[in-house]
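Chemist:
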Ligand code: URA
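Dropping the structure here:
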């Protein structure tokens, strides 16, 4: 069993108690597990049109397209499986992500992992997690439109390789960026949109639209527990569509 499987099992057991008490995701430390020997599947690099996630990650690390490069410790390209069932898009790295170079590893990230686990999803098995902006904005401020625009090409290239079946935007910034709207998250969440990728597919014709749903950012759930129930409704809407 991989560490991720063990975490997922522990989370599901733990959550079943929460559900009986109607407290969907209590904030708590996730237990640390190790993989069983030889059970850690190595990711094989996949190339699409000469591009790969590794190439993009290397370019993100060398990117100086906006001022965030002067302030970051580590850029955070993203992590997860190739050809994911779900691409999760957040806003931008926070301080722990900046220190570790991985997306959603702080307290909000642990909550995101539990939210995903509650609908049979994880970055180790069927998701890829990234952000609209790959470097940390100082003081966790919102990324500026210029910073978001400078980073958009990386996400577009990642999507061309990943070909996710579904997209989940967590939080206002991700939803507004992907849907090109200034509508608030309260109105955008909980329903499906057709996201039209801006990459060209390998064959002739347009890339097929990808169903996209948005929900509240896990940080918002940590600040305001009343958002947990609508977020859970959003996850159930997503799960019904995923049919897993
Ligand atoms: N918040 C985000 O939006 N992304 C991260 O990677 C971490 C926190």
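Numbering (our numbering), first residue to last: 7 to 250. Backbone N, C-alpha and C fix where the C-beta goes; we use that ideal spot for every residue, glycine too.
For residue 160 and residue 64, I'd like the C-alpha separation in whole angstroms.
Modeler: As a first step, residue 160 must be located in the chain shown, where it is residue number 154. As a first step, residue 64 must be located in the chain shown, where it is residue number 58. Taking the straight line joining both Cα atoms gives about 11 Å.
Chemist: Suppose you measure from the CA of residue 173 to the CA of residue 106; what does that come to, to the nearest Å?
Modeler: Here residue 173 refers to the residue found at position 167 when the chain shown is read from its first residue. Here residue 106 refers to the residue found at position 100 when the chain shown is read from its first residue. So the two alpha carbons sit approximately 24 Å from each other.
Chemist: Looking at the strands, I want to know which residues DSSP matches up with residue 146.
Modeler: The residue given as residue 146 occupies position 140 in the chain shown. Residue 146 pairs with nothing; no bridge assigned.
Chemist: Comparing the CB of residue 225 with every heavy atom of the ligand URA, is any distance shorter than 7 Å?
Modeler: The residue you call residue 225 lines up with position 219 of the chain shown. Correct: residue 225 has its Cβ closer than 7 Å to the ligand URA.
Chemist: Drop a sphere of 10 angstroms on the beta-carbon of residue 240, count the other beta-carbons inside from all chains shown, and report buried for 16 or more, exposed for fewer.
Modeler: Mapped onto the chain shown, residue 240 falls at position 234. It counts as buried.
Chemist: Less than 8 Å separating the beta-carbons of residue 220 and residue 248?
Modeler: One-based indexing of the chain shown puts residue 220 at position 214. One-based indexing of the chain shown puts residue 248 at position 242. Going by C-beta atoms, residue 220 is not nearer than 8 Å to residue 248.
Chemist: Using a threshold of 7 Å, is the CB atom of residue 98 nearer than that to any non-hydrogen atom of the ligand URA?
Modeler: Residue mapping note: residue 98 aligns to position 92 of the chain shown, counting from 1. Yes, the ligand URA has a heavy atom inside 7 Å of this Cβ.
Chemist: Give the secondary structure of residue 167 by DSSP, where H, G and I count as helix, E and B as strand, and everything else as coil.
Modeler: Counting from one through the chain shown, the residue named residue 167 turns up at place 161. Residue 167: helix per DSSP, three-state reduction.
Chemist: Suppose the cutoff is 7 Å on Cβ atoms and the five residues either side in sequence are ignored; what does the same chain contact list for residue 129 look like?
Modeler: Translated into the one-based positions of the chain shown, residue 129 becomes position 123. Answer for residue 129: 85, 86, 135, listed in chain order.
Chemist: Output needed for residue 144: all residues of its chain with C-beta closer than 7 Å, excluding positions within five of it in sequence on either side, in chain order.
Modeler: Counted from its first residue, the chain shown places residue 144 at position 138. Here the set comprises 77.
Chemist: Let me know the beta strand (DSSP E) ranges lying completely inside the stretch 166-206, each 3 residues or longer, listed in chain order.
Modeler: For the stretch 166-206, whole beta strand (DSSP E) runs of length 3 or above, ordered along the chain, are 172-176, 199-201.
Chemist: Pull up the distance between the alpha-carbon of residue 242 and that of residue 186, whole angstroms please.
Modeler: Stepping through the chain shown from its first residue, residue 242 is reached at position 236. Stepping through the chain shown from its first residue, residue 186 is reached at position 180. Cα-Cα distance, rounded: 25 Å.
Chemist: What three-state label does DSSP hand residue 47 in the structure shown?
Modeler: Mapped onto the chain shown, residue 47 falls at position 41. In this prediction, residue 47 has a pLDDT of 41, which is less than 50 and means its spatial position is unreliable; what the coordinates show is noted afterwards. Coil, per DSSP.
Chemist: Comparing C-alpha positions only, which one of 226, 88, 79, 92 sits nearest to residue 103?
Modeler: To locate residue 103, count along the chain shown from 1; it is residue 97. Nearest C-alpha to residue 103: 79.
Chemist: Considering only heavy atoms of the ligand URA, does any lie closer than 7 Å to the CB of residue 268?
Modeler: Because the chain in this structure spans residues 7 to 250, residue 268 falls outside the shown range and cannot be described.
Chemist: Would you check whether the ligand URA has a heavy atom nearer than 7 Å to the C-beta of residue 114?
Modeler: Along the chain shown, read from residue 1 onward, the residue named residue 114 stands at position 108. For the ligand URA, at least one heavy atom lies less than 7 Å from the Cβ of residue 114.
Chemist: Return the residue from the list 167, 199, 169, 58 that minimises the CA-CA distance to residue 182.
Modeler: Residue numbering aside, residue 182 sits at position 176 when the chain shown is read from its first letter. Here the closest residue by C-alpha is 199.
Chemist: Could you compute how far the alpha carbon of residue 44 sits from the alpha carbon of residue 165?
Modeler: Numbered from its first residue, the chain shown carries residue 44 at position 38. Numbered from its first residue, the chain shown carries residue 165 at position 159. Interpretation of residue 44 is limited by its pLDDT of 45, a score under 50 that renders its predicted location unreliable; no figure is taken from the coordinates.
Chemist: Whole angstroms are fine: how far does the CA of residue 100 sit from the CA of residue 1?
Modeler: There is simply no residue 1 to check, as the chain begins at 7 and stops at 250 in what is shown.
Chemist: Using the C-alpha atoms, what's the distance from residue 67 back to residue 238?
Modeler: Working through the chain shown from its first residue, we reach residue 238 at position 232. Working through the chain shown from its first residue, we reach residue 67 at position 61. Straight-line Cα distance between these residues: approximately 35 Å.
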